[in-house]
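Protein chains in written order, with this note's numbering: chain A, 7 to 120; chain B, 18 to 130.
So, in structure tokens, the structure goes:
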């Protein structure tokens, strides 16, 4: 199975709160897990990424938590700000016969209230 | 740096018409992709290419064709447009390592009426 299941579909958080978005996968061949951020009218842009050999990666207010045994990973946005309001996509990358495919989740629309 | 450039940004097509969505990247990336983004459905891979002259189907290739004559360009052709092809189309590219950051264009919003 090459699906990546993402939840929730939408999320509303108060300014200063913690935003949490979850993703789950089934194929253990995935070996790279990026998160992309998309603002309205723009293409997705890389936010943060993790390899499966680490359990956590933090960049500023953004943290990826990775649970290899559960085949789950999540994005935590600390001290959420109105400027974080965007759609977030998790993704998993798989290498097949020397080619690389990105499998994206369905996206989470985050709104941070001022 | 221009990165990934898509044209046009918006287009309205009538059923049965054809068009080509253009995609150009100036980063010398081998890998290029076409995705469509439907509301609430995330990004679906249409076609991808691992280098000039090499293309392959993604999840939803029906109704589309691609070509890759140069490293820079990866046009997507719609033949006989249908309302089901109304979507936002994104082109992306990645470096020769493949699994590193994917750079996306700004998208083409296509409406078929």
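Every residue, glycine too, gets a C-beta built ideally from N, C-alpha and C.
How would you label residue i, buried or exposed, when you count the other beta carbons within 10 angstroms and need 16 or more for buried?
{"i": "residue 58(B)", "result": "exposed"}
{"i": "residue 107(A)", "result": "buried"}
{"i": "residue 102(B)", "result": "buried"}
{"i": "residue 49(B)", "result": "buried"}
{"i": "residue 122(B)", "result": "buried"}
{"i": "residue 66(A)", "result": "exposed"}
{"i": "residue 86(A)", "result": "buried"}
{"i": "residue 130(B)", "result": "exposed"}
{"i": "residue 47(B)", "result": "buried"}
{"i": "residue 33(B)", "result": "exposed"}
{"i": "residue 46(A)", "result": "exposed"}
{"i": "residue 18(A)", "result": "exposed"}
{"i": "residue 60(B)", "result": "buried"}
{"i": "residue 27(A)", "result": "buried"}
{"i": "residue 24(A)", "result": "exposed"}
Just the chain A side, please: which residues come within less than 7 Å of residue i by C-beta, in chain order?
{"i": "residue 136(B)", "result": "The requested residue 136(B) is not part of the displayed model; chain B covers only 18 to 130."}
{"i": "residue 44(B)", "result": "Simply none; closest approach about 14 Å."}
{"i": "residue 38(B)", "result": "Those do not exist, as residue 38(B) stays about 13 Å from chain A at its closest Cβ, beyond 7 Å."}
{"i": "residue 60(B)", "result": "95, 110"}
Determine the chain B residues that contact residue i at a beta-carbon separation under 9 Å, and present them in chain order.
{"i": "residue 58(A)", "result": "Going along chain B, no residue has its Cβ under 9 Å from residue 58(A), so there is no contact; the nearest lies around 12 Å."}
{"i": "residue 89(A)", "result": "None at all; the shortest Cβ gap to chain B is about 19 Å."}
So which residues on chain B does residue i lean against when the C-beta distance must stay under 7 Å?
{"i": "residue 113(A)", "result": "59"}
Quiz prompt | Contact set between the stretch 103 to 123 of chain B and chain A, restricted to residues whose Cβ is under 9 Å from the partner | solution = 107, 108, 109, 111, 114, 115, 116, 117, 118, 119, 120, 121, 122, 123
Quiz prompt | At least three beta-carbon pairs within less than 8 Å, the stretch 21 to 31 of chain B to the stretch 57 to 71 of chain A | solution = As far as the Cβ criterion goes, the stretch 21 to 31 of chain B does not touch the stretch 57 to 71 of chain A, which means the pair count is below three.
Practice problem: Within the stretch 19 to 72 of chain A, note down every full beta strand (DSSP E) run reaching 3 residues or more, in order along the chain. | Solution: Those beta strand (DSSP E) runs which fall completely within the stretch 19 to 72 of chain A and span 3+ residues are 25 to 31, 39 to 44, 51 to 56, 62 to 65.
Exercise. Please list the residues of the stretch 21 to 52 of chain A that have a C-beta atom closer than 9 Å to any C-beta atom in chain B, keeping them in chain order.
Key: Identification of residues in the stretch 21 to 52 of chain A having a C-beta nearer than 9 Å to some C-beta of chain B yields 37, 38, 40, 42, 44, 47, 48, 49, 50, 51, 52, given in sequence order.
Self-check item: Contained beta strand (DSSP E) runs [length at least 3] in the stretch 48 to 73 of chain B, N- to C-terminal order
Solution: Qualifying beta strand (DSSP E) stretches, in chain order: 48 to 55, 59 to 68.
Quiz item: Is the stretch 56 to 72 of chain B close to the stretch 83 to 90 of chain B, with three or more CB pairs under 8 Å?
Solution: yes
Quiz item: Should the stretch 92 to 99 of chain B be regarded as contacting the stretch 88 to 108 of chain A, the criterion being three or more beta carbon pairs within less than 8 Å?
Solution: no
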